[in-house]
Each structure stands twice: as structure tokens, then as C-alpha cells.
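Numbering (our numbering), first residue to last: 16 to 162.
Backbone N, C-alpha and C fix where the C-beta goes; we use that ideal spot for every residue, glycine too.
Owing to the predicted nature of the structure, the values given are computational and were not obtained by experimental measurement.
Read the structure below first, then the notes.
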């Protein structure tokens with residue numbers, strides 16, 4: 016599992032860019048993200064190179080934030096790869112709260128970022144069904160960091 020930041024962003028034009036500007040100005044590298052809207056606020060979820068730093072900086076700038084755990088799984092780059100992943104989860108009675116993807120620069124593979132009720136159970140189900148669950152991110156320079 017890895018740490019995932021959630022920033023609550025006002026659902027108005029330009030508000031998400033204000034968040035990304037703050038992160039960029041503070042040298043925070045976003046590996047993957049998803050932004051999901053709600054009537055008044057959007058949930059900007061991201062996996063980055065410095066989750067605690069990002070959380071602190073966003074809070075200092077007046078944003079509601081949270082750090083949660085998420086599962087990163089190598090999503091096979093093949094037809095039906097996502098279907099296979101979802102089938103395993105459904106057949107194992109694991110309910111996904113959400114899922115989004117990014118391309119892992121270091122490993123050069125598509126990765127699914129997932130959250131569900133019981134992350135340990137989900138991780139076990141995935142591993143037992145042949146999926147590669149990642150617990151490390153690779154920086155653009157190739158150096159690995161434990162997250």
C-alpha cells in the first residue's frame with residue numbers, strides 16, 4: 016500500500032489549477048491523480064513523491080486535506096486487463112470504493128490505484144490471484160523510495 020493525498024477543491028473554474036500550482040511551486044511530483052466532482056467540492060486524489068509535505072502545504076494554504084492508504088496494482092497492458100482485475104475483486108466479494116490509473120514512469124507499466132473497505136483483504140486477494148501489488152514508487156531518476 017501507499018499513501019494517497021486527498022484535497023477538497025472548490026468546484027469552480029481554475030480552482031484545481033491553484034492546487035497544482037501550489038504543489039509545483041513546492042517541488043511536489045504528482046505520479047498519478049484523479050479528480051472526482053461533487054456538487055460543491057471536488058475530491059482531488061493523488062499519489063505523489065511527498066505525501067506528508069503535500070498535506071502540510073495544502074493545509075497551510077487553507078485546503079481541507081487527508082492522507083489515506085491506497086493499493087497500487089500493476090494493471091496488465093493487455094485487452095481485458097481491467098476486466099480481469101475487476102472480476103477477481105467481484106468474485107472475491109471485495110467492493111471497490113474507487114479506482115483510477117496512472118502510468119508508472121519508473122517501471123513503465125500502467126498502474127491502478129484502488130481503495131476499498133478492507134485494504135489488507137483486497138491486497139491479499141490480488142496477490143493470491145497473481146497480480147503484482149506495488150508498495151514502492153520509483154522517482155523519475157530511477158531511485159526507489161519506500162512510501
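- Task: Would you tell me roughly how many angstroms separate the C-alpha atoms of residue 123 and residue 38, rounded to the nearest one?
- Result: On the chain shown, residue 123 is found 108 positions in, with the first residue counted as 1. On the chain shown, residue 38 is found 23 positions in, with the first residue counted as 1. If I take the Cα positions, the gap works out to 24 Å.
- Message: Quick check on DSSP: helix, strand or coil for residue 105?
- Response: In the chain shown, residue 105 corresponds to position 90, counting from 1. The answer is helix: DSSP assigns residue 105 an H, G or I state.
- Terminal residues of the beta strand (DSSP E) in which residue 143 lies: Here residue 143 refers to the residue found at position 128 of the chain shown. Here residue 143 belongs to no beta strand (DSSP E); instead the alpha helix (DSSP H) covers 134 to 143.
- Taking the alpha-carbon positions, what's the residue 99 to residue 146 distance? The residue labelled residue 99 in the question sits at position 84 within the chain shown. The residue labelled residue 146 in the question sits at position 131 within the chain shown. Cα to Cα, residue 99 sits roughly 10 Å from residue 146.
- Message: Here's the rule I'm using: 16 or more other beta-carbon atoms within 10 Å means buried, otherwise exposed. How should residue 90 be labelled?
- Response: For the purposes of this step, residue 90 is taken as residue 75 along the chain shown, with counting starting at 1. Buried.
- Is there contact here, the stretch 93 to 107 with the stretch 43 to 62, by at least three beta-carbon pairs under 8 Å? no
- Could you check where the beta strand (DSSP E) with residue 80 kicks off and where it finishes? What you label residue 80 is simply residue 65 of the chain shown in a count that begins at 1. Counting along the chain, the beta strand (DSSP E) containing residue 80 begins and ends at 79 to 89.
- Item | Between the CA atoms of residue 16 and residue 149 - distance to the nearest angstrom | Position 134 of the chain shown, counted from the first residue, corresponds to residue 149. Position 1 of the chain shown, counted from the first residue, corresponds to residue 16. One C-alpha to the other measures close to 7 Å.
- Query: Going by the beta-carbon positions, is the gap between residue 41 and residue 80 smaller than 8 Å?
  - Reply: To locate residue 41, count along the chain shown from 1; it is residue 26. To locate residue 80, count along the chain shown from 1; it is residue 65. Not a contact, by the Cβ cut-off of 8 Å.
- Item | residue 30 vs residue 22 beta-carbon contact at 8 Å | Working through the chain shown from its first residue, we reach residue 30 at position 15. Working through the chain shown from its first residue, we reach residue 22 at position 7. Against a cut-off of 8 Å, the Cβ pair of residue 22 and residue 30 comes out as no contact.
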